Structures are given as C-alpha cells and as structure tokens.
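*Asks:* Pasting a structure here, questions to come.
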Amino acid sequence: MSNQTAVAVAQRAPSESKPKEMRATLAETLIALATEDERIVLLDADLMTAHGTCSFRKQFPGRTFNMGVAEANMVSTAAGLSSTGKIPFAMTFACFAARRAFDQFFISANYARRNVKLVGSDPGISALYNGGTHMTFEDLGIMKTVPGLVVFEPSDNVSLRKLMKKSAGHEGCTYMRLHRKSVVDIYADTEEFELGKGKVLVDGDDLTIIALGALMVPEALKAAEMLAQQDGLSVAVIDILTVKPLDAELVLAYAAKTGAVMTCENHQIINGLGSAVADVLAENLPTPMKRIGIADEFGEVGDLAYLMQRFGLTAGHIAAQARELLKRTCKSGKL
Amino acid sequence: MTNDELSPLKKTANHIRILTIDAIAHLGIGHLGGSLSIVDVLTLLYYRHMDVDPLDPTRPDRDRLVLSKGHAGPALYSTLALKGFFPVDWLHTLNQGGTRLPSHCDMNRTPGIDMTTGSLGQGLSAAIGICLGNRIDGRSSKVYAIIGDGETNEGQVWEAAMAASQFKLNHLIAFTDYNKLQIDGFMHEVMGIDDLNVKWVAFGWFVQRVNGHDLEEMDVAINRAKAETSRPSMIILDTKKGKGAFFAENRVESHNMAIDPKAAEQAIAMLREAGI
Ligand SMILES: Cc1ncc(C[n+]2csc(CCOP(=O)(O)OP(=O)(O)O)c2C)c(N)n1
Ligand SMILES: [Mg+2]
C-alpha cells in the first residue's frame, strides 16, 4: 500500500459504549437468524446455560437439541441435520469442539461436505478457573488444517453479530471461536464485515500489529498507544477476524508499508495466527516478525489478570516486544 | 459397621463438607454441588477402605482413585488435606494463580491425586489402564473410580464399560454419582440415562445401588464389590447435588455457583453443630 492510497479505517464504537456479554449477542443473533430462516437449528452439549441460549429454546423448542455431555455425537448429528437441508449451529467449549469431536467434525461434517457451523467458546485463557483441561491453545492450529474450513474469531458484539450472519449464509462448514464474556465494543454498529477480511483499526507506518479476538485486539490497541506516547512510534493495528482464509492482501500491504509485523493471539504461537501470517509473508514478502501468543505450554487456572501476565499477553509485554523487534529492524530509526 | 466406627466417619464427612464449602466460598465461586454430593463416598474410601499413605502418596501398590468427574476436585482436596497429604491451609489457594489445587484434578500438581481429569468421559478408561498395569505387575491393589451421571452421556464411558468387563477387572470398583443433575437441568429433561442399573448389568458388571449419603449401606456395598472375583463393580449412588449446603441442595444452579459468604457461614455453622 503506497502512502498516497487512502486507507479504509474501520468505524469505531462511541467511547461511552457499555460492556456487554458476547453470549447475549450470540443468543440474540441466533434468534434473529432463526426467525428469518427456518433452516437454522441449534445443538449444544449440556452447556446451554453457559452459552445463554435458553432464550433460543424458549422461542424454537422444536429446533433446539441439547445432546447432553456428548460432543462427538452432537457434531455428527449436526452433520446429519445438514443433510436434510438444516443449518445447524453446534456449540460447546472450544476445547471439546476441537479435541473431543474433531474426527466427527472432520469426517461427518467437512469431508462429507456438510454445512455445520461449529462454535467453540471460552478459547485460550478465557477459560479462567476451569484451568488447564479447558484451556484451548490449539484449536486454531487444529481447525486450520481442515481443507476449506472457514476459521474466525469475532472481537466484539458487532463483529460477532455480523460475522455469524455471514457464517450462516456461507455454504460449507465454519468454526467460530467465541469469547462469551463481557466486552466493550470496538466497532460502530454500522460497520460491515466479510469472512476472510480483516479491519484496519489504526493506520501507521513503523509497525503493524495484527491481532485476533476479544482479548487481544484491545491489548494490541493499548500497546499501539503506549508505543505512540512513549516512543513516538506510528503503529498500525489490524483486527484480522478470520484466520482462514487469511486476508493475505491486507497482511502483505501492511507488511510492505511498515516493514515490521507483530501478531497477537490468545492461542499457542505454534500453528495459530502468527504462523498463518508467517506463511504468507515468508513466501511473498519476508518481513521481520514477532509473534505474541502462548509458548509451547499447557494452560493453568487463575484469574484473567494473572493469566495475561503468566502467558505474556499484556499490552506492556506486546509493547516491549515491539521495541525489541524495531531495534532489530532499525526501520524507523526512532529506537 | 459398629456405632463406634460410624460416628467418627460421620464427623469426618461433616468436616470435609465444611472444608469444601469454605474453600469454594473463599474464592467466591466454584463447583460446589458436584463436590458435596461425593463427600460421603470419599470419606468412606479414604478413612475406611483405601490402602494409602499420605507420607508416600506414589507408592506403587497403593489403592488408587480416579475422580473422573474432575470438577469435583475441591471435595477430594479437602479429603486429602484432612487425611494429611498436604497442609489444610492450601485449600484457600484453590483456583488462584500458581495454586497446587486447580478446579479440576491434576496428578502433577497435587499430592494424592492419582489421575488428571476434567475432560469428562476419560477417567474410567484410565482406571482400566491402571488395573491392567497392576495385573501385569502382579499387584492386587484396588482401583476406584467416580463418574458423574451427566458424564455418563459420553460415549467413552460405554467403551470403558465394555472393556472392563471383557478384561474381567474385578479390582475395579466404580461409582456413579447419581445426583440426577447435569449443568442444563435434571438429567431426564436433558439426556436421561435410565435405567442405569440395567445398562451396567447388560455390560457385564456387578451392579449395586445404594443411598450415597448412607455410610453403612455404602460400606456393605464396597465390601461386596471387593469380594467379587471376576467382574468389575458399579455401585450406583443415589445422591443429592449440593448435599449439606442448604442453599445448594438439589439445585441446578449449584453446579458452578457463586457463593454468598453469609450463606456459606451459616451452612458451615450447621455442619459444625452436627459434629466434627
Ligand atoms: C468432555 C466434557 N464436556 C463438557 C464438560 C463441561 N462440563 C463440566 S461438568 C458438566 C456436567 C456434568 O454433569 P455430572 O457428570 O452429572 O456432574 P455433577 O452433577 O456430578 O456435578 C459439563 C457438561 C466437560 N468438563 N467435559
Ligand atoms: Mg450429576
């Protein structure tokens, strides 16, 4: 992207926006979609309480299937439903979606070219007190390798609502990573989204931070501000939203523009967003990079502040790593 | 069981309940219901039946317990602490950053935990593996396992049911915590598992069904299971989720519950009054 080209920066939410639970938006959106389209059905595996979808069941009892604690059965059942023309949204925690039911999702849903919308909630450290067994640092890596699968993670209520609608309309399987807790919205209500397209939140020249999800996008924005204020750096921030297919055009344009790229994800750095970006850059435009994410480690229990520190996901850590990267590249000459 | 034997066990169970409620209340939220429903069976196992040594928690010929419904960790931690596996004051670190007592059982963090669990459906299979290893090495130690009734929805439970029976694992004694509740409601409304007795019998197990809060009834059942020579045992425990905390008993919300400190105090006072 040359400096003359006008950059389309996303419309942001008003600064006084109130936090809202993303699971509330999940349920509202499902109800809206099902009202418009009678093919939409919901499956869950004894986590409807956690997903806040009891309101959906109230409105569409005949189109709601709580399968009990049986994720594998749920996913193949969803595949069967799609064979009768239904559009099933099947949900459980991300750990069980990606690990317990993976073969069912791979074979019954994807290989059989069905139309299953799998949702994995509480990704990464957002599993908090459920701890290591529930902490999914690998679901993106697992899902990315399924041929043709669309893999995305909304970053706020607006992107969740609009991308879920796109997902319902997409012909084929999708995997949505869902943060279900309370977040402050990033986007204005009017912003429109496409699967496979990232959003520029802040334009910049010295460095591009590409972030994913409701935990990391706000941290990336904070880090960019810290770097601007403390170091006089001009840092672009991109909310990538979809990991597969990756918005390669946007990634390459900003790599060319800024000459240094960082990625931030609430996921292992092995085979997550950082790897996806590195794949594109290595083959097209080798660019100095730093990946922020969880190292080659398992999760553990704790509150959010502890876990953010423990796994190196804070804005402070991102900013410190950015300085290291820019020292190495010396592009801006500001460090 | 004589009265002299029964009375201290009852007090121990009360004490374990107090520690469990206190640990979860200290953090403010946790899996209270499913923890409290298994306190009585844990008491009986650790204070009467299992051959374990708190000073040597990894002795190869010990009896072992796989708590397959790993979210009930707090009840097992309270039992192990009281028994001397680690200091009771660890219980206040439950689920805090850096703790050795995570919500779900972790054999690499906590002395006395024999298997890591939390992803439901896996524990009974792990217990089978322990039995098979013991058999290869010529040990006749008992392997106990506790599974949830909701957990029984998982297909893997029934794969394990088949295998344990095929391998004639008479040293395997499993319990189902039949508290009739899973997260989203009563089991018969979500994914019912009746007739549970018939199912396990059909899979070739020695099946007994007792009141899971009656220490004497359970004691008799465990003794009969221990005497079994060719079949794995399933003891179905009729229990109440949240048993012993008036604000949680038989309530669907007790699964992973935010706890009002006043209510916790009151429940603890009632248990203390009953004797510890
Ligand atoms: C494979 C898997 N799926 C889902 C969960 C989430 N989960 C934790 S407890 C639970 C309900 C279990 O019900 P039950 O076994 O009856 O537990 P209890 O009533 O004894 O607490 C669920 C769905 C999990 N831990 N593991
Ligand atoms: Mg239950």
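Just so you know, the sequences run in chain order D and G.
The opening residue of the first sequence carries number 54 in this note's numbering; numbering runs sequentially from there.
The opening residue of the second sequence carries number 520 in this note's numbering; numbering runs sequentially from there.
Virtual Cβ for every residue (Gly too), placed ideally from N, Cα, C.
Here the structure is a predicted model, which means the values were calculated and not measured.
1) Just confirm the distance between the C-beta atoms of G:G669 and D:D97, as a whole number of angstroms; I'd bet it's less than 8 Å.
2) Sorry if obvious, but does the Cβ on G:N775 come closer than 7 Å to a heavy atom of ligand 2?
3) Should D:I323 be listed as close to ligand 1, given that the test is whether its C-beta is under 7 Å from any heavy atom?
4) If you draw a straight line from the C-alpha of G:L574 to the C-alpha of G:S752, how long is it?
5) Smallest Cα separation from D:M188: which of G:G637, G:L643, G:G642, G:R654?
6) With H, G and I counted as helix, E and B as strand and the rest as coil, what does DSSP make of D:F190?
7) On the DSSP letters alone, give me the boundaries of the alpha helix (DSSP H) that D:L216 sits inside.
8) In three-state terms, what does DSSP make of D:V169?
9) Going straight from the alpha carbon of G:W677 to that of G:A793, what length do you get?
10) Listed in chain order, which residues of the region 220-236 of chain D have Cβ atoms closer than 7 Å to some Cβ of chain B?
11) For my contact list, D:V296 and D:E244 are in at a C-beta cut-off of 8 Å; report their separation, rounded to the angstrom.
12) Report all residues from its chain with a CB closer than 7 Å to the CB of G:I787; omit the five preceding and five following residues, and keep chain order.
13) Near G:C650, which residues of its chain fall below 7 Å by C-beta distance, leaving aside the five closest residues on each side in sequence?
14) Determine the chain D residues that contact G:N672 at a beta-carbon separation under 9 Å, and present them in chain order.
15) May I ask you to list the residues that DSSP assigns as paired with G:Q701?
16) Kindly indicate which three-state DSSP category G:S554 falls into: helix, strand or coil?
17) Which residues are close to ligand 2, meaning CB closer than 5 Å to any heavy atom, in chain order?
18) Using a 10 Å radius around the Cβ and a threshold of 16 neighbouring Cβ atoms, would you call G:A746 buried or exposed?
19) In whole angstroms, what is the alpha-carbon distance linking D:V333 and D:I347?
20) In the DSSP assignment, find the unbroken alpha helix (DSSP H) run with G:Y596 in it and report its ends.
21) What residues in the region 351-364 of chain D have a beta carbon less than 9 Å from any beta carbon of chain G?
22) Between the C-alpha atoms of D:M54 and D:A289, what's the straight-line distance to the nearest angstrom?
23) Tell me, please, whether the CB atom of D:N183 is closer than 8 Å to any CB atom in chain G?
24) Between G:L790 and G:N533, is the Cβ-Cβ spacing less than 8 Å?
25) Answer with yes or no whether the minimum CB distance from D:H370 to chain G is below 8 Å.
26) Write down the C-beta distance between D:E318 and D:L265 rounded to the nearest angstrom, noting that I regard them as a contact closer than 8 Å.
27) Below 8 Å, can you find three or more Cβ-Cβ pairs linking the region 296-307 of chain D to the region 165-172 of chain D?
28) Measuring from the CB of D:I293, is there a heavy atom of ligand 1 at a distance below 7 Å?
29) Residues in the same chain with beta-carbon distance under 7 Å from D:A331, minus the five sequence neighbours each way, listed in chain order, please.
30) Take G:N653 as the anchor and find which of G:S597, G:L643, G:D580, G:P576 has the nearest alpha-carbon.
31) Kindly examine ligand 1 and report whether one of its heavy atoms sits closer than 7 Å to the Cβ of D:F149.
32) For G:A680, is the classification buried or exposed, using 16 other Cβ atoms within 10 angstroms of its Cβ as the cut-off for buried?
33) Is any heavy atom in ligand 1 found nearer than 7 Å to the beta carbon of G:I702?
34) Considering only residues of the same chain and omitting the five flanking positions on each side of D:F149, which have a CB-CB separation below 6 Å?
35) Less than 8 Å between the C-beta atoms of D:S208 and D:A147, yes or no?
36) For the pair the region 152-171 of chain D and the region 126-138 of chain D, tell me if three or more CB-CB distances fall below 8 Å.
*Replies:* With the structure as the only source:
1) By a beta-carbon distance limit of 8 Å, G:G669 does not contact D:D97. Their separation comes to about 13 Å.
2) Because no heavy atom of ligand 2 lies under 7 Å away, the Cβ of G:N775 does not count as near it: no.
3) no
4) 29 Å
5) G:G637
6) coil
7) 210-222
8) Note: D:V169 maps to coil in three-state DSSP.
9) 40 Å
10) Structure shown: chain B not included; protein chains present are D and G.
11) 20 Å between Cβ atoms; not a contact.
12) Excluding sequence neighbours, G:I787 sits near I537, I540, D541.
13) V662, L688, H690, L691
14) A98, D99, M120, G121, V122, A123, N126
15) Bridge partners of G:Q701: G:G704.
16) helix
17) G:G667, G:D668, G:G669, G:N698, G:L700
18) Sixteen is the threshold: since fewer than 16 other Cβ atoms of the shown chains lie within 10 Å of the Cβ of G:A746, the residue is exposed.
19) 21 Å
20) Start and end: 592-602.
21) E353, V354, G355, D356, A358, Y359, L360, Q362, R363
22) Because the pLDDT at D:M54 is just 41, under 50, the model does not fix this residue reliably, and the point stays unresolved.
23) yes
24) Note that the C-beta distance between G:L790 and G:N533 is below 8 Å.
25) Chain G, which has no Cβ nearer than 8 Å to the Cβ of D:H370, makes this no.
26) 5 Å
27) no
28) no
29) M342
30) G:N653 has its Cα closest to that of G:D580, out of G:S597, G:L643, G:D580, G:P576.
31) yes
32) When all chains shown are included, G:A680 counts as buried.
33) yes
34) Contacts found: E124.
35) no
36) yes
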